[in-house]
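Right, one structure below, let's go through it.
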Amino acid sequence: MPELPEVETVKAALVPVMTGAKVRYAEIRRPDLRFPLPTNLKSFLEGGTITSVKRRAKIILIRAANHVMMLHLGMSGSVRISDHKPNSQPHDHVEIAVEKQGQSHWIVLNDPRRFGYIDLVHERDFNNHKSIAALGPEPVSIADDPEPDNVLDIAYLNKALEGAKAPIKSFLLDQRQIAGLGNIYVCEALHRAGISPKRKAYSVKGKRAARLLPAIQDVLHEAIGQGGTSLRDHKQPDGKLGYFVQSLKVYGREGEPCLACDTPIISIKQSGRASFYCSICQR
DNA sequence: CTCCTGACCTGAGTGC
DNA sequence: TGCACTCAGGTCAGGA
7 MPELPEVETV
17 KAALVPVMTG
27 AKVRYAEIRR
37 PDLRFPLPTN
47 LKSFLEGGTI
57 TSVKRRAKII
67 LIRAANHVMM
77 LHLGMSGSVR
87 ISDHKPNSQP
97 HDHVEIAVEK
107 QGQSHWIVLN
117 DPRRFGYIDL
127 VHERDFNNHK
137 SIAALGPEPV
147 SIADDPEPDN
157 VLDIAYLNKA
167 LEGAKAPIKS
177 FLLDQRQIAG
187 LGNIYVCEAL
197 HRAGISPKRK
207 AYSVKGKRAA
217 RLLPAIQDVL
227 HEAIGQGGTS
237 LRDHKQPDGK
247 LGYFVQSLKV
257 YGREGEPCLA
267 CDTPIISIKQ
277 SGRASFYCSI
287 CQR
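For the first sequence, our numbering assigns the number 7 to the initial residue and increments by one for each residue that follows.
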């Protein structure tokens, strides 16, 4: 499911119920997702008080007691929040009950494909964690989270593009270059910027690069404002859909007319993933 | 190094 | 109805 806007939507829903809340119990229903779950996850959570909920790239960071619980939703992960103990659904792997100012909430992680993961690291080791250390800058900063000191700008983008021989599509999916983009928003940003996904990254410069930066930032901001994009699995934690699906210009629109020029949208495979684009508008 | 492929896993959709 | 096959918001190891 989730790229940056979907993860941001989940994080934003967790903030008010988890920040400052005490964990009443945690139920871990299987030993692993993509990786083995930390064996001390249950004992870490139970009785602890959550100090903050943040996001870096596509990872949700839940802090307590000098530790960071890292939650990645993979392709199909989602979170439900309710004010009563929820009925168990297939693939509900973790259930956490929290209490804050006398108010109880239940938080459930569901992940059919189990490409997601949870890890737990001491605060001092966090920046060296292999999922964190190599990440590129955040493409956008939302209400100072993540901290705006590491946000993509045109100087960084131009430098990173230099000498990158991969297609711009692959470049933008690479979390070491820019963190948080995925298949939907790369396709959409390239369409907005008028750049072909097949173009070599190093050849994106000057005016093209100057269009790419705001194209990425605008599409992410707009998607976050709509609660993300619901295709199959993604729902907001309150059960609502992500309405940005209605704003997609190319993703999933193979054969349908380009909204700018009527040319049918093309789908090609690039490094195993579908790229949707307009061969006229994107050069 | 960089770049690409295949693997991981389940469920939904399609075509015969 | 059933079966085989393809495809899906993401990484990650391994090979060229």
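The beta-carbon is built from N, C-alpha and C at its ideal position, and this holds for glycine as well.
At which residues does the beta strand (DSSP E) containing residue i begin and terminate?
i      : result
Tyr31  : 28-34
Gln276 : 272-276
Met75  : 73-78
Val251 : No beta strand (DSSP E) holds Val251; DSSP gives it neither H nor E.
Ile87  : 84-88
Ile56  : No beta strand (DSSP E) contains Ile56, which DSSP labels as neither H nor E.
Ala280 : 279-283
Ala166 : Not the beta strand (DSSP E): Ala166 falls in the alpha helix (DSSP H), residues 160-167.
Pop quiz: residue i and residue j are said to be a contact at Cβ under 8 Å. What is the actual Cβ separation, rounded to whole angstroms?
i      : j      : result
Ile160 : Ala215 : 7 Å
Pro143 : Ala185 : 7 Å
His111 : Asp89  : 6 Å
Where does the unbroken alpha helix (DSSP H) through residue i begin, and where does it stop?
i      : result
Gln326 : The structure shown does not extend to residue 326, since the chain spans only 7 to 289, so no value can be given for it.
Ala139 : 136-139
Ile65  : Premise fails: Ile65 lies in the beta strand (DSSP E), 65-70, not in any alpha helix (DSSP H).
In three-state DSSP terms, what is residue i?
i      : result
Leu51  : helix
Asn93  : coil
His99  : strand
Asp38  : strand
Pro22  : helix
His197 : helix
Arg130 : helix
Glu144 : strand
Val114 : strand
Say yes only if the C-beta of residue i is nearer than 7 Å to one or more non-hydrogen atoms of the ligand MG, and no if none qualify.
i     : result
Asp38 : The ligand MG is absent from the structure shown, which contains no ligand whatsoever.
Jot down the residue ranges of each uninterrupted alpha helix (DSSP H) in the segment 203-231, minimum 4 residues, whole runs only, in chain order. 213-231
Decide yes or no for the touch test of the segment 55-66 against the segment 31-41: beta carbon pairs closer than 8 Å, at least 3 of them. The segment 55-66, when compared against the segment 31-41, does not touch it at the 8 Å Cβ threshold.
Give a yes or no on contact between the segment 16-33 and the segment 246-259, applying the rule of three or more CB pairs nearer than 8 Å. No, the segment 16-33 is not in contact with the segment 246-259.
Would the segment 198-211 count as touching the segment 165-178 if we require 3 or more Cβ pairs under 8 Å? yes
Can you confirm whether the segment 220-238 touches the segment 187-195 when touching is taken to mean that 3 or more C-beta pairs between the two stretches lie within less than 8 Å? yes
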